[in-house]
Amino acid sequence: QYKQQGTIRLTIRVQENGRITPVLKRTLMAGQFVGISEAQGEFTLNNTHKETLLIAGGSGITPFQSMLEELSHTSRNQNIKLIYYARNQNEHLFQNELETLTKNHPNVDVVYISTATSGRFSNQQLNRHCPDYLNRHIYLCGPTEMIQSTRQILEQNSVPKENIFLEYFGSAPIEAPNTDIEGRV
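Residues in the sequence shown are numbered consecutively from 890, following this note's numbering.
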């Protein structure tokens, strides 16, 4: 979008009890300028042409939306599958844009799942919606609990750790070492 129109779109889901997003909703006005920096972090698509599976939970769709847009223009033959979880069927962000994207790019497939009616990520859903998952790079983004349980299922199904890429929307868990450690504090 920036290359074509010179604009960047911000997508902010207001967390009513949050410290930042309610203030943004009250104070930012349409057309207002905001300062931003270059994108930072390690959650980027691998440059290989390996098939891709994206698994998003709630507002974890945010980075995937721009990734899908980019992939649809640069990797026309690469098969891209998105499994997108939201609490209720009417809570999937970007649904209109994603539907337009899938109509224009047959290599992109999106599955919308309501956890209220279909439950959370499971082996059954993985095998039904993406049976070739072992041949893909898999990207996860969403709440901590969703990422932890999904990653565990993927690893139990022999997905190599180097094929799983994570981005937490919330705090990442602290993994305690498996050994006893002594020290002086």
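The C-beta atom is built at its ideal place from N, Cα and C for all residues, glycine as well.
Beta-bridge pairing of residue i - partner residues as DSSP gives them
| i | result |
| --- | --- |
| Arg-1025 | Glu-940 |
| Leu-1055 | Leu-1029 |
| Gly-946 | Tyr-974 |
Beta-carbon contacts of residue i that lie in its chain and below 8 Å, excluding the five residues immediately before and after
| i | result |
| --- | --- |
| Arg-915 | none |
| Leu-913 | Ile-901 and Val-903 |
| Gln-954 | Thr-900, Leu-982, Phe-983, Glu-986 and Leu-987 |
| Arg-976 | Gly-947, Ser-1003, Thr-1004 and Ala-1005 |
| Leu-957 | Leu-943, Ile-969, Leu-971, Leu-987, Leu-990 and Val-997 |
| Ser-1038 | Arg-1009 and Phe-1010 |
| Arg-1040 | Leu-1029, Ile-1053 and Leu-1055 |
Cβ shell of residue i (< 6 Å), same chain only, five flanking positions each side left out
| i | result |
| --- | --- |
| Leu-982 | Ile-950 |
| Tyr-974 | Gly-946, Ile-1002 and Thr-1004 |
Whole-number beta carbon distance between residue j and residue i, since they are thought to touch under 8 Å
| i | j | result |
| --- | --- | --- |
| Glu-940 | Arg-1025 | 4 Å |
| Leu-990 | Val-997 | 6 Å |
| Tyr-1028 | Phe-1054 | 5 Å |
| Glu-1056 | Cys-1030 | 4 Å |
| Leu-934 | Leu-971 | So it is not a contact: roughly 13 Å between Cβ atoms. |
Candidates the options: closest to residue i by CA position
| i | options | result |
| --- | --- | --- |
| Asn-966 | Asn-993, Arg-976 and Asn-979 | Asn-993 |
| Gly-1008 | Cys-1030, Asp-1021 and Gln-978 | Gln-978 |
| Gly-895 | Leu-1043, Phe-922, Val-1048 and Arg-1073 | Phe-922 |
| Leu-1043 | Pro-1032, Gln-1014 and Glu-1071 | Gln-1014 |
| Pro-1020 | Glu-905, Asn-1046, Gln-1037 and Ile-925 | Asn-1046 |
| Asn-1012 | Val-1048, Lys-892 and Arg-1073 | Val-1048 |
| Ile-1036 | Ser-948, Lys-892 and Ile-925 | Ser-948 |
| Lys-892 | Gly-907, Glu-959, Thr-1039 and Gly-1072 | Glu-959 |
| Leu-1023 | Ser-1038, Thr-1033 and Glu-1051 | Glu-1051 |
Beta-carbon contacts of residue i that lie in its chain and below 7 Å, excluding the five residues immediately before and after
| i | result |
| --- | --- |
| Arg-898 | Gln-890 |
| Pro-911 | Val-903 and Glu-905 |
Please give me, in chain order, every unbroken run of the beta strand (DSSP E) with length at least 3 that falls completely inside the stretch 968 to 1038. 969 to 975, 997 to 1003 and 1025 to 1031
Could you pull out every unbroken alpha helix (DSSP H) segment of at least 4 residues lying fully inside the stretch 896 to 922, listed in chain order? DSSP runs (the alpha helix (DSSP H)) wholly in the stretch 896 to 922: 910 to 916.
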